[in-house]
Structures are given as C-alpha cells and as structure tokens.
Amino acid sequence: DNLGYIMIESLETLLLQAPAQSVRGDSKALSMMLSTNLRNENYRNPIERGYDSMKYFIQDNWQRIWVLAVWIGICAGLFTYKYIQYKNRAAYDVMGACVSIAKGGAETLKFNMALILLPVCRNTITWLRNKTKLGVVVPFDDNLNFHKVIAFGITIGVGLHAISHLACDFPRLLAATEEEYEPMEQYFGEQPTSYWWFVKGVEGWTGITMVVLMAIAFTLATPWLRRGRLNLPKPLKKLTGFNAFWYTHHLFIIVYGMLIVHGIKLYLTKEWYKKTTWMYLAVPMLLYACERLTRALRSTVKPVSILKVAVYPGNVLALHMSKPAGFKYKSGQYMFVNCKAVSPFEWHPFSITSSPGDDYLSVHIRTLGDWTRQLKTVFSEVCRPPANGKSGLLRADNQGNNLDFPTVLIDGPYGAPAQDYKKYDVVLLVGLGIGATPMISILKDIVNNMKTKQEEEAALESGVNSSVPPPSPLSKKSTFKTTQAYFYWVTREQGSFDWFKGVMNEVAETDHDNVIEMHNYCTSVYEEGDARSALITMLQSLNHAKNGVDVVSGTRVKSHFAKPNWRSVYKRIAVTHSGQRVGVFYCGAPALVPELKQLAADFTHKTPTKFDFHKEN
Numbered sequence: 001d002n003l004g005y006i007m008i009e010s011l012e013t014l015l016l017q018a019p020a021q022s023v024r025g026d027s028k029a030l031s032m033m034l035s036t037n038l039r040n041e042n043y044r045n046p047i048e049r050g051y052d053s054m055k056y057f058i059q060d061n062w063q064r065i066w067v068l069a070v071w072i073g074i075c076a077g078l079f080t081y082k083y084i085q086y087k088n089r090a091a092y093d094v095m096g097a098c099v100s101i102a103k104g105g106a107e108t109l110k111f112n113m114a115l116i117l118l119p120v121c122r123n124t125i126t127w128l129r130n131k132t133k134l135g136v137v138v139p140f141d142d143n144l145n146f147h148k149v150i151a152f153g154i155t156i157g158v159g160l161h162a163i164s165h166l167a168c169d170f171p172r173l174l175a176a177t178e179e180e181y182e183p184m185e186q187y188f189g190e191q192p193t194s195y196w197w198f199v200k201g202v203e204g205w206t207g208i209t210m211v212v213l214m215a216i217a218f219t220l221a222t223p224w225l226r227r228g229r230l231n232l233p234k235p236l237k238k239l240t241g242f243n244a245f246w247y248t249h250h251l252f253i254i255v256y257g258m259l260i261v262h263g264i265k266l267y268l269t270k271e272w273y274k275k276t277t278w279m280y281l282a283v284p285m286l287l288y289a290c291e292r293l294t295r296a297l298r299s300t301v302k303p304v305s306i307l308k309v310a311v312y313p314g315n316v317l318a319l320h321m322s323k324p325a326g327f328k329y330k331s332g333q334y335m336f337v338n339c340k341a342v343s344p345f346e347w348h349p350f351s352i353t354s355s356p357g358d359d360y361l362s363v364h365i366r367t368l369g370d371w372t373r374q375l376k377t378v379f380s381e382v383c384r385p386p387a388n389g390k391s392g393l394l395r396a397d398n399q400g401n402n403l404d405f406p407t408v409l410i411d412g413p414y415g416a417p418a419q420d421y422k423k424y425d426v427v428l429l430v431g432l433g434i435g436a437t438p439m440i441s442i443l444k445d446i447v448n449n450m451k452t453k454q455e456e457e458a459a460l461e462s463g464v465n466s467s468v469p470p471p472s473p474l475s476k477k478s479t480f481k482t483t484q485a486y487f488y489w490v491t492r493e494q495g496s497f498d499w500f501k502g503v504m505n506e507v508a509e510t511d512h513d514n515v516i517e518m519h520n521y522c523t524s525v526y527e528e529g530d531a532r533s534a535l536i537t538m539l540q541s542l543n544h545a546k547n548g549v550d551v552v553s554g555t556r557v558k559s560h561f562a563k564p565n566w567r568s569v570y571k572r573i574a575v576t577h578s579g580q581r582v583g584v585f586y587c588g589a590p591a592l593v594p595e596l597k598q599l600a601a602d603f604t605h606k607t608p609t610k611f612d613f614h615k616e617n
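Position 124 of the sequence shown, counted from 1, bears residue number 124 in the UniProt record's numbering, the numbering being contiguous throughout.
Now the structure itself:
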C-alpha cells in the first residue's frame, strides 16, 4: 500500500507461505492415471518383464536399430563376398585364410571410408530435414554418433586388413617353397627374400602411413582429449584440445589421396575394372567437396556487418549482425562463426538466438575456451560501459558511429533437434546456462506468431483487411502446432538472467493467453521452503506484487531457487496434457541428459501422455 512499512501479521504470512512450485494437488490425478497402467512387478515373471523392456527399447530406438542393422548387414555381406571369392583363388593355397580375411576387411574398409563422409555433409542433411519427410524414419539428430560408429567399423577393417597382411600373408610368402610360390610369381614377380621388400613398395608405405595418420586423428578426436579433460604435463597438454582435433582431422585429405593410390597399386588384382576403391569413393568425395566449396563461397558471398555488441555477466558476448539477403532459418538452428582477427581458419558453431521474424541475426557466446576468450577480448576493445537503463557490462551500438568492429563471417543455417518443436502441441524447453540459446529463439518465434495472430484478429474485427482473404486456419496449423510451451532455465549465477532480459519481459507482456510458462532457476540459492532463503523469498514476493518485477532476475518472470524437481515438472505436464504428445528439448551440460531422458521414457510408458526427448549434440 506504499506505506513504507509492513505489519507483523503480513510478515508472518510471507515467511510461512508455501513454495510457489508445489504440485501436490496433481498427485491424486497422477496416481489415478498411473494405476491403470501399473501392475505389481513382484507377481510378473522375468519373461514378461524382459518382453516389456525389449518392447520399450524398440519403441524408443527403432530408427537407430534399422539403420545399424542395414549397415552391419552390408558390412557382413561385403566381407563374406570377398572371403569366398579369395577362398577359390590360387593365393589361398599359399597364404591360407589370412588373405581372405585381409580382402574381406579391405572391402568393408572401402565401403566405410566412403560412408563416413555422408553424416558430416551438413548442408545435405539440413536440406533433407527441411525439404523431405525422411526425418520420420532416419535419425538425423544422430549424424555425429553414426559418424563415430562408422569410425569404429573402420578401425575393425584396418585391424583385419593390416594384421592379416603384416603378420600372416607376408611371412607366409617369404617362407613358401619355390613350388608353392610359383602361382604367385605373376602377381609379385620373383620371390622376395626380405620383409622390407613388402614395406618399401607403394602398397606397403601408403598402407602404413594411412594407419599412422588415422590413429593420430582418431586418438585426438576422443572426448577426453578433444575437450582437454586429461590432466597431462604442460608440453603434452598443448597437443590436445579442440585445435589439435580440428587440424589432425583434416589429415583425411592425405589419407584419401593415399587410399586411392593404395587401391590402384594392388598386388593380386591387375584389371582396372576390378580395382573398386575409386568407385566407392567417387560420389561421397564429390558430394563432400561440393559441401566444403558451398560453405566457403556462401560465407564470403554473404558478408555481415555488426549492429550491436554486448558483454554480459558470466562471460557472455552477444553479437547482433545484419541478416544477409536470402538467409532463411528456423528457430533452434545454428550457424558457424569465423573471426579473422582471432583465427582465419577456425569456424565454431553457435545457436541462433534471434527468431526468423527478426530483421537481424544474433548469437550469444559463452567464454569457455581459447577462441571464445580471444573473441570476447577483440570485441571488448570496441565496447564501452552502457548508458543508463541498458543491460550489459560493456556495449557498443553501431548506429551511425562507424565503429571499427572486427570482421565476422557466418556459414549456415544448419539443422538441429530443436527446430522440430513446431510438430508438437506442447513443448518443454530446458536450458542449462548458455544452453538456453536455442530455446530463446523458439520463445521469440512463438511470441512473433502470437503477435501476428493478434494483429490478424484485430484487423478482422475492425474490418481493415476485409478485402484481403485471411490465411487458411488449416495451413496455419500445419506449420505451427504449438499451443503451450514450458520454459525452464537453470543457471548458477544471478547475472545470467541479464542475457535475455528483453525477451523475458516481451514474453510476459505479450502472452495474454498464458501460452508460454517461464521458470527461471538460480541454483546458488537454497531451495524455496528452506529457512535460509526465506528472507529473499519474502522480499521477492513483496517486490513482485508491488512492481511486477522479480528482484533476482530483474525481469517480469519470477525466479525460483535451487534445482527444479524434474519428476514434478513431468508429472504436472502429464496431468495437464493427458493423452497429448509433448516435445522435450534440452540443451546444456550432458550430466542432466540421463535423468530427463529416463523420465521422458517412464512417463511415456506409464501414462497416456507421450514425451519425445531431443538433445543438442
């Protein structure tokens, strides 16, 4: 009441109030829902339990299962075909099963070396996601996982091929009698007298060099070396990290060149049409070369100018750029960013935080490594402390000031799991720290769609657009199905809420129909209901009731403390949207993935509400 004081009775009420996020009222409804699907596990035999587990596993992973089954089937078929082919040749009498194993391994190797390029053709995958219905049966979100699976297949192929030749075939040729060796003379010439003869030949040194280069690339691509997790001595530490992974992965150019030479200079095959290595590689290599060319041309043909820069608490750099002509993207997608002032060769992916309806592009970059640290440094030099009322620690607006910003190139957009949110009536968006970035773009998109809808309704009511036929409700629904969104942003630092302050307030002001439900969680404060956070909760409630602004986040969205009870979150959505399909989209640290994924599976199997879990790679 603006009296400047509070009565003791009101203070007691504020201190003793229950946490705002209680979902106890839903428990009864959930219990009734679960009781129809649950049976006492103790009275079911192991076969029934095993059958249910298998059924749920297939339901959750059928896309991955069929892709892996086809891949394993092709590899097994190629190996068997070559093994039988060489079993019926003269070489088998001298070298035995080793030659058949080596050739079988080589055939799977050729196939996998061709296939491994396809999952990293980002433009092709994005086009297939956007323009075709293949996403229903092909798990495009798992492209990098499949890339790793193929790499494992290559490792097995290399092992079979190299070990069989080096440890078995070559020693047997050296030990063969003149009579045994005679059929081999047409392939190898005179019988070699030393092991070195095989190694120094083109076939030998290209094979060994390829194995060494691939071993380096594969080792430095492992997560603990790529992310620098191992506690190594300082000299060795410099040989790990993202840069080491990125540069050594480009050794594949040398490897593929040697693979073609190795495939032409074969000992046991002389006819050109039987040397099939180049046939396997031709189309994938051409497709990948076109991909890289497209990326290079697109990034230089579509220059961007920096419109605004802001440095926020928590080491976050926000870049607002001009939107190139013809740059069409969906909320949830990402693009690659390059800054020549930091490194002319390095490109790093970042989620787009602007929405497709905005006339600019924006990314929010957290300082987590060498490249991002240097990027923040070069842009901070141009920035100044903000004027009153503007957010951020440092800002620079390029509004007729002709500021000397570093040159930035972009490449994209590329498809990501979050872009499919429009397929769901209900979405649960979960962001951990900087992982909120793709979710912010989705919130903006929903707000822009709400604004458009409100404008159309207002125009129809006033009769302004009576001459223009309204868009078909059916076509609108087919592209934008989302009727309810739940956004949970969990962050450790209070300053993080400054990153997307404007968006939060815009959503709170625009969303009159309560389409978007937003929850900010600050984990550095004790949970609600805990006596140690009671005073903060009291002040927060007072200020929100009086001014409509949260004292913790500085936005119209009320903040909660500690971590969310994810089971309660799922429980409330399952009760509220019984029988509907809910899209769960997560971006952030991998630690939370198992819990969210398991809860999605549990509630899908045991309630009428179906949860589809998606995570960013």
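By construction, the Cβ of each residue, glycine as well, lies at the ideal position given by its N, Cα and C atoms.
Asked: Please determine if the region 436-455 and the region 509-528 are in contact, where contact requires at least 3 C-beta pairs separated by less than 8 Å.; Found: yes
Asked: Please state whether DSSP places PHE611 in a helix, a strand or coil.; Found: strand
Asked: What is the residue span of the beta strand (DSSP E) that GLU517 lies within?; Found: 516-522
Asked: Using 8 Å as the threshold, is the region 284-295 in touch with the region 362-377, meaning 3 or more CB pairs across them?; Found: no
Asked: Buried or exposed, going by whether 16 or more other CB atoms sit within 10 Å of the CB of TYR421?; Found: buried
Asked: Do the region 321-328 and the region 149-162 meet, that is, are 3 or more Cβ pairs less than 8 Å apart?; Found: no
Asked: Within the UniProt domain "FAD-binding FR-type" (299-420), note down every full alpha helix (DSSP H) run reaching 4 residues or more, in order along the chain.; Found: 370-380
Asked: Give every residue of the same chain whose Cβ lies closer than 8 Å to the Cβ of ARG567, excluding the five residues on either side of it in the sequence, and list them in chain order.; Found: LEU599
Asked: Judging by CA-CA distance, which residue of ASP142, PHE198, PRO139 is the nearest neighbour of ALA167?; Found: PHE198
Asked: With DSSP collapsed to three states, give me the class of GLY588.; Found: coil
Asked: Excluding the 5 residues flanking LEU134 on each side, which residues of the same chain have their C-beta closer than 7 Å to its C-beta?; Found: LEU128
Asked: Can you look up ALA508 in the DSSP assignment and give me helix, strand or coil?; Found: helix
Asked: Please state whether DSSP places GLN21 in a helix, a strand or coil.; Found: Bear in mind that a pLDDT of 45 at GLN21, under 50, signals an unreliable position, so the model cannot answer this.
Asked: Just tell me which of ALA90, GLY4, ASP60 has its CA closest to the CA of THR269.; Found: ALA90
Asked: Quick one: grab the DSSP three-state call for GLY189.; Found: coil
Asked: Per the contact definition of three or more C-beta pairs closer than 8 Å, is the region 580-592 in contact with the region 414-430?; Found: yes
Asked: Do PRO349 and VAL378 come within 8 Å of each other at the CB atom, strictly closer than that value?; Found: no
Asked: What residues are listed by DSSP as bridge partners for THR491?; Found: CYS522
Asked: Assess contact between the region 66-82 and the region 223-235, defined as three or more Cβ pairs (one per stretch) separated by less than 8 Å. Is contact present?; Found: no
Asked: Name the DSSP bridge partner or partners of LEU429?; Found: PHE487, PHE585
Asked: Does SER10 come out as helix, strand or coil in the three-state DSSP assignment?; Found: helix
Asked: Among VAL557, GLU616, TRP347, GLN494, which residue has its Cα nearest to the Cα of ILE502?; Found: One point to set straight first is that residue 502 is Gly, not Ile, in the sequence displayed. Closest by alpha carbon: VAL557.
Asked: Would you mind giving the Cβ-Cβ distance between GLY583 and LYS423, rounded to the nearest angstrom? I have them listed as a contact below 8 Å.; Found: 7 Å
Asked: Count the other CB atoms, across all protein chains shown, that sit within 10 Å of the CB of CYS290; report buried if there are 16 or more and exposed otherwise.; Found: exposed
Asked: Can you give me the C-alpha to C-alpha distance between ARG572 and VAL149, rounded to a whole angstrom?; Found: 38 Å
Asked: From the DSSP secondary-structure annotation, give me the bridge partner or partners of HIS560.; Found: TYR521
Asked: Can you give me the C-alpha to C-alpha distance between GLN21 and GLY495, rounded to a whole angstrom?; Found: For GLN21, the predicted model reports a pLDDT of 45, less than 50, meaning its position is unreliable; a value from the coordinates is still stated below. Their Cα atoms are separated by approximately 23 Å.
Asked: Between which two residues does the alpha helix (DSSP H) harbouring residue 623 extend?; Found: Residue 623 falls outside the range modelled here, since the chain spans only 1 to 617, and no answer is possible.
Asked: Write down the C-beta distance between ASP411 and PHE336 rounded to the nearest angstrom, noting that I regard them as a contact closer than 8 Å.; Found: 4 Å
Asked: Among the candidates ASP404, PHE218, ALA102, VAL304, whose CA atom is the shortest distance from the CA of TYR267?; Found: ALA102
Asked: Using the three-state DSSP reduction, which class does SER441 fall into: helix, strand or coil?; Found: helix
Asked: DSSP state of PRO473, grouped into three classes?; Found: Note that PRO473 scores 40 on pLDDT, short of 50, meaning its location in the model is unreliable and no value can be drawn from it.
Asked: Please identify the residue among HIS519, TRP278, HIS577 whose C-alpha is closest to the C-alpha of PRO564.; Found: HIS519
Asked: Between the C-alpha atoms of GLY185 and ASP169, what's the straight-line distance to the nearest angstrom?; Found: Per the sequence shown, the amino acid found at residue 185 is Glu instead of Gly. Cα-Cα distance, rounded: 15 Å.
Asked: Are the Cβ atoms of VAL67 and PRO171 separated by less than 8 Å?; Found: no
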